[in-house]
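Numbering-wise, this note's numbering comes out as the position in the sequence shown, counting from 1, plus 309.
Don't be surprised by glycine CBs; every beta carbon is placed ideally from N, CA and C.
Please read these numbers as outputs of a predicted model, since none were measured by experiment.
Before any comments, here is the structure.
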Amino acid sequence: MNTRNVCGAMLSAMLCLAAGATAFAADKDAKAEKMVLSDGRFELAVPDSWQRKQPRVNIIEYEYEVPAVTGDARPARVTVMGAGGSIEDNVNRWYGQFRQSDESDTSKSAKVEEKEIAGQKVTLVDVSGTYLDKPGGPFAGGPTVERENYRMLAAIIETTKKGKKTGNYFIKLIGAKQTVADSKKAFGRMIDSLKEK
Numbered sequence: 310m311n312t313r314n315v316c317g318a319m320l321s322a323m324l325c326l327a328a329g330a331t332a333f334a335a336d337k338d339a340k341a342e343k344m345v346l347s348d349g350r351f352e353l354a355v356p357d358s359w360q361r362k363q364p365r366v367n368i369i370e371y372e373y374e375v376p377a378v379t380g381d382a383r384p385a386r387v388t389v390m391g392a393g394g395s396i397e398d399n400v401n402r403w404y405g406q407f408r409q410s411d412e413s414d415t416s417k418s419a420k421v422e423e424k425e426i427a428g429q430k431v432t433l434v435d436v437s438g439t440y441l442d443k444p445g446g447p448f449a450g451g452p453t454v455e456r457e458n459y460r461m462l463a464a465i466i467e468t469t470k471k472g473k474k475t476g477n478y479f480i481k482l483i484g485a486k487q488t489v490a491d492s493k494k495a496f497g498r499m500i501d502s503l504k505e506k
């Protein structure tokens, strides 16, 4: 085989590999799960590594498990639900689910940010400390499990249509600090992927 034929064969092989990689990426994107909100008006792209689970309580619309990083005993949990109440009241309730080792006010160390995505107001909350977990849900009775060194990343999406509010969606990622830290970028990308269909 002469040099021209060898080069031609190598070029063909490289083009086939590139085409295959592109097709694989497109196929992967096509299979990526989309989370649908507000009666199908909005969607979010769910990270591939998150595993969808049956929600523990029926007020949760979507629930995902986020794999734990090495050293963390439990996977993190993502919940998505529509709910009422003011933004401030809900954020204050989340603060109350965490206790600080020095008994300081959790709101003083928490971070809150507002932004607009796809024309919708989004409030982002980052809070950490000892998480006062209610396994049956925040409004359920029963014992509270204290989980030290936990962190929560949350987003409240205030959906509107033609300037009128159509409901709030609450998305929370809760877990051990390092697992949540490792998932922060993926969580942010998911929230930023919000789009109106």
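Determine which residues share a DSSP beta bridge with ILE480 and list them.
For ILE480, which the question treats as bridged, DSSP gives the partners VAL389, ALA464.
What is the residue span of the beta strand (DSSP E) that ARG361 lies within?
360-362 is the extent of the beta strand (DSSP E) around ARG361.
Could you tell me whether the segment 482-497 touches the segment 412-423, using the rule of 3 or more Cβ pairs below 8 Å?
Verdict: no, contact absent.
Just list the residues that DSSP pairs GLN429 with in beta bridges.
Bridge partners of GLN429 according to DSSP: ILE426.
Apart from the five residues just before and just after ALA464, which ones in its own chain have a Cβ nearer than 6 Å to its Cβ?
If we look at ALA464 and ignore the five residues flanking it on each side, its Cβ neighbours are VAL431, LEU433, ILE480, ILE500.
Quickly, what does DSSP pair TYR373 with across the bridge? List them, please.
In the DSSP output, where bridge partners are listed per residue, TYR373 has ARG361, VAL387.
Taking VAL436 as the reference, give the member of LYS362, THR453, GLN409 with the closest Cα.
Residue nearest to VAL436 within the set LYS362, THR453, GLN409 is GLN409 (criterion: CA-CA distance).
As assigned by DSSP and simplified to three states, the class of GLY524
The shown model of the chain, from 310 to 506, leaves out residue 524, and the question about it has no answer.
Cα-Cα, which of ASN401, TRP359, THR379 is closest to ARG386?
In this structure, TRP359 is the residue among ASN401, TRP359, THR379 with its C-alpha nearest to the C-alpha of ARG386.
Neighbour-count burial assignment, SER347, 16 or more Cβ in a 10 Å radius:
Counting of Cβ neighbours within 10 angstroms places SER347 among the buried residues, the total reaching 16 or more.
Among the residues of its own chain, which have a CB less than 8 Å from the CB of LYS494, if the five just before and after it don't count?
Cβ neighbours of LYS494 beyond the five flanking positions: none.
Please report how far the alpha carbon of LYS506 lies from the alpha carbon of SER413, in whole angstroms.
Those two C-alpha atoms are separated by around 43 Å.
SER502 versus LEU353 - alpha carbon distance:
Cα-Cα distance, rounded: 5 Å.
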